[in-house]
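Its first residue numbered 2, the sequence shown is counted upward by one per residue in the numbering used here.
Worksheet for the structure shown next.
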Amino acid sequence: MKIFKLKYSQKLPINLNEAWDFLSSPQNLELITPKSMGFNITDWDKKKAYPGQIIQYTVKPLLGIKINWVTEITNVVDHKYFVDEQKIGPYEFWHHQHFFEVEGDQVKMTDIVTYKPPFGIIGRLANHLFIKKKIEYIFEYRRNRMEELFNKK
């Protein structure tokens, strides 16, 4: 069984409260997700992340084909980290950790994504050909959007 892991870090000139408030609110995901993904939240309780929270989305990750994605926030330590896990969606396994650390007058945000594509060896090949690149593109887009949103100060 092959599981993949990607790690992304970014520093922003904002305080911990601003970073936490923005990133622990699912409503802001659309602001930091590429338009090409067709990301749309279809159901959530309009609260900040808490353990047991279920968030339902539709996304168009490949060829414009709309799929349902359901995640659960499984762990939260206020202003330190939260974890979302896929319950229904395109991956056989998806576990996404979001960490927040104060570094001087900045906040370092670190995302660790652990995932397994579906379909065994075909999924591993697809990961090599385009899945990993798509995830990297999404996080690069997110990095740029976060800089646009918060480096204006």
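Think of the CB as a built atom: it goes at the ideal place given N, C-alpha and C, for glycine as much as any other residue.
C-beta atoms of residue i and residue j nearer than 8 Å
i, j, result
"Asp112", "His99", "yes"
"Ile68", "Val60", "yes"
"Tyr92", "Pro119", "yes"
"Ile42", "Val71", "no"
"Tyr116", "Phe5", "yes"
Neighbourhood of residue i by C-beta, 6 Å cutoff - its chain only, sequence neighbours within 5 removed
i, result
"Glu86", "Glu73, Thr75 and His96"
"Lys49", "Ser25 and Ser26"
"Glu102", "Lys109"
"Arg144", "Gln11"
"Ile122", "none"
Cβ separation of residue i and residue j, assumed to be a contact under 8 Å, to the nearest whole Å
i, j, result
"Val114", "Ile136", "7 Å"
"Tyr9", "Phe140", "5 Å"
"Gln54", "Asp46", "7 Å"
Close beta carbons around residue i, own chain, < 8 Å, minus the five adjacent residues each side
i, result
"Gly39", "Thr59, Val60, Lys61, Gly65 and Lys67"
"Tyr51", "Ile74 and Val77"
"Tyr138", "Pro35"
Chain-order list of residues whose beta-carbon lies under 7 Å from that of residue i (same chain, five-residue window excluded)
i, result
"Ala127", "Pro118"
"Arg146", "Leu32 and Ile33"
"Asn18", "none"
"Trp21", "His80 and Phe101"
Beta strand (DSSP E) segments (min. 3 residues) lying fully within the segment 10-90:
41-44, 55-60, 68-78 and 82-89
Does the structure place the segment 143-150 close enough to the segment 21-38 that three or more beta carbon pairs sit under 8 Å?
yes
Within the chosen definition, does the segment 104-118 reach the segment 2-13 through at least 3 CB pairs nearer than 8 Å?
yes
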